[in-house]
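Residue numbers (the numbering used here): 24 to 294.
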């Protein structure tokens, strides 16, 4: 569905994905259907060479620590070889089984790219705040963000921490979020075209990586796709669209099992 609430065929969506220079795809990390859709999006993005260079596929799941390994990967590498080269942990934040096919498809088109900051820089930001951004063009858009952006991100971080910490103590997390989005936008702008695969919050038009990209390159040709889980009992599609924020396309999917991650935390805190 587009922003005007018109339903589009999948072929029409794929044409739009090929036509726009910078494409943002917002996912829910643990939804298998989202990863299947992303694989098709990457395949369609690079389907016709006659359309010219489609640039990179930038991933939130890859960071600066993977850069050297990415540059040494070959299109012929197997998924197992990629896992070893990237030194991917058996247990970590990202599930190798679901992201490996996406990495491999991007690699086939010489388009695999890291978008995120690594743990070393996260630690630096946590200690030094936005001083870490000074003098680095990559993070220029993370400096002095407007009040509406700071307020929105702090609210989201406050909720994600189950409301158990004051907003003042969450300022380091705000700077880290800004750095992540600025980094992903910067990675996209290193080529004249790119697709970003990231969590839905990072793909939000007014508060995520698209905001940073447009601030860095205002005239950019952008397409934003938000993949949205439809919960049982709620068929009000506009309510989902409002929650996801402004986007060009909304792709509705089945939902994974929902879990209240704060329930246990708040229960233990109350004991």
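Yeah, the Cβ is synthetic: ideal placement off N, Cα and C, and Gly gets one too.
Opposing strand residues paired with residue i [DSSP bridges]
{"i": "residue 249", "result": "49 and 273"}
{"i": "residue 82", "result": "137 and 220"}
{"i": "residue 25", "result": "272"}
Span separating the alpha-carbon of residue i from that of residue j
{"i": "residue 111", "j": "residue 47", "result": "25 Å"}
{"i": "residue 293", "j": "residue 64", "result": "The predicted position of residue 293 is uncertain, since its pLDDT is 40 and thus under 50; a value taken from the coordinates is nonetheless stated next. Approximately 46 Å between the Cα atoms of the pair."}
{"i": "residue 150", "j": "residue 195", "result": "8 Å"}
{"i": "residue 206", "j": "residue 216", "result": "16 Å"}
{"i": "residue 95", "j": "residue 88", "result": "13 Å"}
{"i": "residue 261", "j": "residue 54", "result": "21 Å"}
{"i": "residue 67", "j": "residue 190", "result": "42 Å"}
{"i": "residue 162", "j": "residue 258", "result": "40 Å"}
{"i": "residue 224", "j": "residue 178", "result": "12 Å"}
{"i": "residue 192", "j": "residue 174", "result": "14 Å"}
{"i": "residue 97", "j": "residue 210", "result": "20 Å"}
{"i": "residue 82", "j": "residue 158", "result": "25 Å"}
{"i": "residue 33", "j": "residue 117", "result": "28 Å"}
{"i": "residue 226", "j": "residue 254", "result": "21 Å"}
{"i": "residue 141", "j": "residue 76", "result": "28 Å"}
{"i": "residue 263", "j": "residue 274", "result": "11 Å"}
{"i": "residue 281", "j": "residue 113", "result": "24 Å"}
{"i": "residue 135", "j": "residue 265", "result": "32 Å"}
{"i": "residue 29", "j": "residue 130", "result": "34 Å"}
{"i": "residue 170", "j": "residue 71", "result": "43 Å"}
{"i": "residue 176", "j": "residue 167", "result": "14 Å"}
{"i": "residue 144", "j": "residue 56", "result": "32 Å"}
{"i": "residue 146", "j": "residue 256", "result": "42 Å"}
{"i": "residue 119", "j": "residue 139", "result": "16 Å"}
Residue i and residue j closer than 8 Å at C-beta
{"i": "residue 232", "j": "residue 246", "result": "no"}
{"i": "residue 85", "j": "residue 128", "result": "no"}
{"i": "residue 123", "j": "residue 106", "result": "yes"}
{"i": "residue 244", "j": "residue 41", "result": "no"}
{"i": "residue 221", "j": "residue 115", "result": "no"}
{"i": "residue 267", "j": "residue 251", "result": "yes"}
{"i": "residue 148", "j": "residue 58", "result": "no"}
{"i": "residue 172", "j": "residue 230", "result": "yes"}
{"i": "residue 182", "j": "residue 212", "result": "no"}
{"i": "residue 137", "j": "residue 104", "result": "no"}
Other residues of its chain near residue i: CB distance less than 8 Å, five sequence neighbours each side excluded
{"i": "residue 272", "result": "24, 25, 26, 31, 36, 39, 246, 247, 248 and 249"}
{"i": "residue 165", "result": "153, 156, 198, 201, 202, 204, 205 and 235"}
{"i": "residue 125", "result": "58, 61, 62, 65, 80, 82 and 220"}
{"i": "residue 188", "result": "181"}
{"i": "residue 108", "result": "92, 95, 96 and 100"}
{"i": "residue 51", "result": "57, 222, 223, 250, 252 and 279"}
Close beta carbons around residue i, own chain, < 7 Å, minus the five adjacent residues each side
{"i": "residue 270", "result": "26, 228, 247, 248 and 249"}
6 Å Cβ shell around residue i - same chain, five flanking residues per side excluded
{"i": "residue 214", "result": "78 and 79"}
{"i": "residue 132", "result": "69"}
{"i": "residue 238", "result": "164"}
{"i": "residue 279", "result": "53 and 54"}
Interface flag, residue i vs chain D, CB-CB below 8 Å
{"i": "residue 245", "result": "The chain inventory of the structure shown lacks chain D, comprising one protein chain alone."}
**Request:** Return the chain-ordered ranges of every alpha helix (DSSP H) run that is complete within the segment 124–175 and spans a minimum of 4 residues.
**Result:** 142–151
**Prompt:** If you scan the segment 185–213 from start to end, which runs of the alpha helix (DSSP H) of 4 or more residues do you find wholly inside it?
**Reply:** 194–212
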